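Peer 1: Counting in numbering that gives the first Met the number 0, the sequence shown runs without a single skipped number right up to 493 at its last residue. Glycine residues also receive a C-beta, built at the ideal position from the N, C-alpha and C atoms. On a predicted model such as this, the values are computed, not experimentally measured, just so you know.
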Amino acid sequence: MKAKARNNFCEGKNIAIIGSGIGGLSAGIILTQLNYAVTIVEKNPRPGGLLRSYRRGGLNCPVGVHYVGALGADEPLGRMFKILGVNVTDFFEKMGQDGVIDRYVFDDFVFDLPAGIDAFAAGLRKSFPRETAAVDFIMTNLREIARRMMDPAFLINQGDPFQNIDFFTPMGEVLDKLSVSPHFRAVMGVPTQLIGVPLSQCPVIFHHMLLASYLFSSWRIRDDGDKLADLLARRFRELGGKIILSDAASRILSQEEKISGLQLQSGVILPADAVVSAIHPKALLGLVAENALRDSFRQRVLSLQETEGVIAVHVAVAALSRDAVKHNIYRLHTDERGTILDGIFYQLKPGANGDNLLSIITRSLYREWRAWENTKTGRRGNDYVQKKMKIAAELLARAQQDLGNIKNARIIDVFTPLTIRDYVNCPEGSCYGLMHSADQLLKIASLNNFPLPGIYLTGQNVVAPGIMGSIMGSFSAARQIAGAEKLNKLIGTV
Ligand SMILES: Cc1cc2nc3c(=O)[nH]c(=O)nc-3n(C[C@H](O)[C@H](O)[C@H](O)COP(=O)(O)OP(=O)(O)OC[C@H]3O[C@@H](n4cnc5c(N)ncnc54)[C@H](O)[C@@H]3O)c2cc1C
Numbered sequence: 000m001k002a003k004a005r006n007n008f009c010e011g012k013n014i015a016i017i018g019s020g021i022g023g024l025s026a027g028i029i030l031t032q033l034n035y036a037v038t039i040v041e042k043n044p045r046p047g048g049l050l051r052s053y054r055r056g057g058l059n060c061p062v063g064v065h066y067v068g069a070l071g072a073d074e075p076l077g078r079m080f081k082i083l084g085v086n087v088t089d090f091f092e093k094m095g096q097d098g099v100i101d102r103y104v105f106d107d108f109v110f111d112l113p114a115g116i117d118a119f120a121a122g123l124r125k126s127f128p129r130e131t132a133a134v135d136f137i138m139t140n141l142r143e144i145a146r147r148m149m150d151p152a153f154l155i156n157q158g159d160p161f162q163n164i165d166f167f168t169p170m171g172e173v174l175d176k177l178s179v180s181p182h183f184r185a186v187m188g189v190p191t192q193l194i195g196v197p198l199s200q201c202p203v204i205f206h207h208m209l210l211a212s213y214l215f216s217s218w219r220i221r222d223d224g225d226k227l228a229d230l231l232a233r234r235f236r237e238l239g240g241k242i243i244l245s246d247a248a249s250r251i252l253s254q255e256e257k258i259s260g261l262q263l264q265s266g267v268i269l270p271a272d273a274v275v276s277a278i279h280p281k282a283l284l285g286l287v288a289e290n291a292l293r294d295s296f297r298q299r300v301l302s303l304q305e306t307e308g309v310i311a312v313h314v315a316v317a318a319l320s321r322d323a324v325k326h327n328i329y330r331l332h333t334d335e336r337g338t339i340l341d342g343i344f345y346q347l348k349p350g351a352n353g354d355n356l357l358s359i360i361t362r363s364l365y366r367e368w369r370a371w372e373n374t375k376t377g378r379r380g381n382d383y384v385q386k387k388m389k390i391a392a393e394l395l396a397r398a399q400q401d402l403g404n405i406k407n408a409r410i411i412d413v414f415t416p417l418t419i420r421d422y423v424n425c426p427e428g429s430c431y432g433l434m435h436s437a438d439q440l441l442k443i444a445s446l447n448n449f450p451l452p453g454i455y456l457t458g459q460n461v462v463a464p465g466i467m468g469s470i471m472g473s474f475s476a477a478r479q480i481a482g483a484e485k486l487n488k489l490i491g492t493v
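1) Are the stretch 137 to 157 and the stretch 199 to 208 touching by the rule of at least three beta carbon pairs closer than 8 Å?
2) For ligand 1, is there any heavy atom lying closer than 7 Å to the beta carbon of Leu50?
3) If we count the other Cβ atoms within 10 Å of its Cβ and call it buried at 16 or more, is Gln399 buried or exposed?
4) Taking one C-beta from the stretch 288 to 303 and one from the stretch 342 to 360 each time, how about it: are there three or more such pairs within less than 8 Å?
5) Is the distance from the Cβ of Pro61 to the Cβ of Ser363 below 8 Å?
6) Compare the C-alpha of Leu70 against each of Phe91, Asn59 and Arg55 and name the closest.
7) Under 8 Å: do the stretch 156 to 175 and the stretch 484 to 493 share three or more Cβ pairs, one atom per stretch?
8) From Asp272 to Leu252, what does the alpha carbon distance come to, in whole angstroms?
9) Any heavy atom of ligand 1 closer than 7 Å to the Cβ of His65?
10) In three-state DSSP terms, what is Thr361?
11) By the three-class DSSP mapping on this structure, what secondary structure does Asp111 have?
12) For Gln399, does the three-state DSSP call read helix, strand or coil?
13) Hey, quick one: how far does the beta strand (DSSP E) through Gln479 stretch, first residue to last?
14) So, for Gly468: in the same chain, excluding its five sequence neighbours on each side, which residues have a beta-carbon less than 7 Å away from its beta-carbon?
15) Could you check which residue in Asp341, Val309 and Pro349 has the C-alpha nearest to that of Ala317?
16) Report the rounded CA-to-CA distance for Arg478 versus Gly22, giving the unit in angstroms.
17) What separation, rounded to the nearest whole angstrom, lies between the Cα atoms of Ala15 and Ile28?
18) Which residues mark the beginning and the end of the beta strand (DSSP E) in which Ala311 is found?
19) Starting from the C-beta of Ala323, find all residues in its chain whose C-beta is less than 7 Å away, skip the five residues before and the five after it, and write them out in chain order.
20) Would you kindly work out how many angstroms separate the C-alpha atoms of Thr457 and Arg366, rounded to a whole number?
21) Apart from the five residues on each side of it in sequence, which residues of its chain come closer than 6 Å, Cβ to Cβ, to Asp222?
22) For Leu394, which option in Arg330, Gly428 and Cys430 has the closest C-alpha, if you only look at C-alpha atoms?
23) If Ala26 and Ala247 are in contact, beta carbons under 8 Å, what's the gap, nearest whole angstrom?
24) Which full runs of the alpha helix (DSSP H) of 4+ residues lie inside the stretch 425 to 459, going along the chain?
25) Shorter than 7 Å, the distance from the beta carbon of Ile16 to the closest heavy atom of ligand 1, or not?
26) Heavy atom of ligand 1 less than 7 Å from the Cβ of Ile343, yes or no?
27) Are the Cβ atoms of Leu561 and Leu24 separated by less than 8 Å?
28) Along the chain, where does the beta strand (DSSP E) containing Pro44 start, and where does it finish?
29) Compute the Euclidean distance between the alpha carbons of Ala120 and Met138, then round it to the nearest angstrom.
30) Could you compute how far the alpha carbon of Ile405 sits from the alpha carbon of Met388?
31) State the start and end residues of the unbroken beta strand (DSSP E) segment that holds Leu269.
32) Beta-carbon separation of Val309 and Ile410 under 8 Å?
33) Would you check whether ligand 1 has a heavy atom nearer than 7 Å to the C-beta of Ile116?
34) Helix, strand or coil, according to DSSP, for Val275 in the structure here?
35) Quick one: does the C-beta of Ile419 sit closer than 7 Å to a heavy atom of ligand 3?
36) With DSSP run on the structure shown, which of helix, strand or coil describes Ala351?
Structure (structure tokens):
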């Protein structure tokens, strides 16, 4: 099978999806709703990928969902879940009840991200009274993108704002032109931390989409990511979908230039007319026959830069000694221009059994863990454990300085980029997969038209990272498979 034609709508009805993260599960639900016969294949024993949490010391520790934006009933993510037919609001608590969603703490000033776009505009005006032109410019674009996000075309990655070329300028360049102060630049730099792209490389569209989504409304995962993953898996099964667990996809099969099936590690062959890849695109390359893709395409994908990994420390904090904090806290350091150099994310939320749960997350480069590159989770040896526990202890000491009054705190778990790499099979344990930077955007966009007919991509790597971006990827894949007309009908029925 040679790479030539672009994907057309899928003619057959059997679809195999590789991976059961939010990308795979949402694609599965949409496609079963469109009357396809769908099987999801997941290498792990339980579905959900980064959605799942894990239990340590009696507390549920989140992995890839700390807070999401725009989950209100008429807001973009809320509408996406409504189309999927699941009510997830019980699993989240609405933030901003104390007026603050995120507190950005810099060395010499603090900025509170409030709930609501108008409140944000007011906050910027108050903090930057001499930069009204810059505030007005940013707010005009932000409101425009927020307005477009309410358009159903947004859900399927079509139409404006995606057509407006100005929105693909890097945010750093926009701020340069506006000659903003270092503090202004620092505040604008925080949202890009959430998708792992430096401000100088982050297209305006991603910056503003992310910011707008959290300003629409912000929701912190209440307790258990497992419940969220299980709800989506249950919905998919109720619609007639099948999930095969503990068996990895190992080969995409084709006959006469058409997809014919998916071979699993166990040797099982699933017949399929199309394959939806909800795994990292570099991992997908390994499943496609050597001669099926041009070498230049392989090299192009393999050379794409990953977002950085993180180290995450989970800490049980006696609730009697320290109340939960209703907002997230970012402790950030910048250079003299206001470019963020590093940051720590803190979330201190209610836990269980008399403990609150403190999550501490900060950047951790893959190369720092290179010595254990060829080891597997749980079998990396004492040196690795000592290294990660030393970093964790340092981070806890920093937390005690930054948050104050954390007594009787116990580190209950630490994960590194290697943990994430092995758990979901993403190269270098990258937190948000491929970096959606201005430099890479066209190459990443080309993945939406994978050069083998019958292979479609979803998940965080194609349209945008995060829970909302991954679901958008699934709408986009479903549009390619079933056509916009059928998909619009489905969206229109909700
Ligand atoms: C530490 C961390 C914190 C985050 N916090 C947030 C947050 O607060 N809010 C937010 O919106 N986003 C957050 N994100 C990002 C968000 O979690 C991801 O964008 C999203 O979950 C990605 O979903 P996915 O389906 O693309 O991938 P995944 O969840 O990685 O799913 C891929 C699945 O494919 C499976 N798989 C891989 N290879 C194979 C194979 N060969 N065969 C079968 N199965 C295979 C994996 O086991 C996995 O289950 C965070 C991410 C991280 C790492």
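Peer 2: In short, the structure shows the following:
1) Yes, they touch.
2) Answer for Leu50: yes, Cβ within range of ligand 1.
3) With fewer than 16 other Cβ atoms within 10 Å, it is exposed.
4) Judged by pairs of C-beta atoms under 8 Å, the stretch 288 to 303 does not touch the stretch 342 to 360, as fewer than three such pairs exist.
5) Taking the C-beta atoms as reference points, Ser363 is found no nearer than 8 Å to Pro61.
6) Per the Cα distances, Phe91.
7) No, they do not touch.
8) Cα to Cα, Asp272 sits roughly 10 Å from Leu252.
9) Yes.
10) Per DSSP, reduced to three states, the secondary structure at Thr361 is strand.
11) In the three-state DSSP reduction, Asp111 falls in the strand class (E or B).
12) In the displayed model, Gln399 falls within a helix according to three-state DSSP.
13) Note, Gln479: premise wrong, no beta strand (DSSP E); alpha helix (DSSP H) at Gly465 to Ala481.
14) Short of 7 Å from the beta carbon of Gly468, and not among the five residues preceding or following it, lie these beta carbons of its own chain, in chain order: Gln459 and Val462.
15) Checked all of Asp341, Val309 and Pro349; the closest Cα to Ala317 is Pro349.
16) For Arg478 and Gly22, the distance between alpha carbons rounds to 14 Å.
17) Their Cα atoms are separated by approximately 12 Å.
18) Taken as a continuous stretch (DSSP letters only), the beta strand (DSSP E) holding Ala311 covers Val309 to Ala317.
19) Residues of the same chain with a CB within less than 7 Å of the CB of Ala323, apart from the 5 flanking positions on each side, are Leu347, Lys348, Pro349 and Asn355 in chain order.
20) The straight-line gap separating the alpha-carbon atoms of Thr457 and Arg366 is approximately 28 Å.
21) The answer, listed in chain order, is Asn59.
22) Taking only the C-alpha atoms, the option nearest Leu394 is Arg330.
23) Incorrect: roughly 18 Å between the Cβ atoms, too far for contact.
24) Counting whole runs of 4 or more residues, the stretch 425 to 459 contains the alpha helix (DSSP H) stretches 440 to 445.
25) Because no heavy atom of ligand 1 lies under 7 Å away, the Cβ of Ile16 does not count as near it: no.
26) No, the Cβ of Ile343 stays beyond 7 Å of every heavy atom of ligand 1.
27) Nothing can be reported for residue 561, as the shown portion of the chain is limited to 0 through 493.
28) Taken as a continuous stretch (DSSP letters only), Pro44 belongs to no beta strand (DSSP E), as it is neither H nor E.
29) When rounded, the distance between both Cα atoms is 7 Å.
30) One Cα belongs to Ile405, the other to Met388, and the distance between them is close to 18 Å.
31) It spans Ile268 to Pro270 - the beta strand (DSSP E) in which Leu269 sits, taken as one unbroken run.
32) For Val309 and Ile410, no; Cβs fall outside 8 Å.
33) Flag unset: Cβ of Ile116 not near ligand 1.
34) Three-state DSSP puts Val275 in a strand.
35) In the structure shown, ligand 3 is absent; the only ligands present are ligand 1.
36) Here DSSP, grouped into helix, strand and coil, assigns Ala351 to strand.
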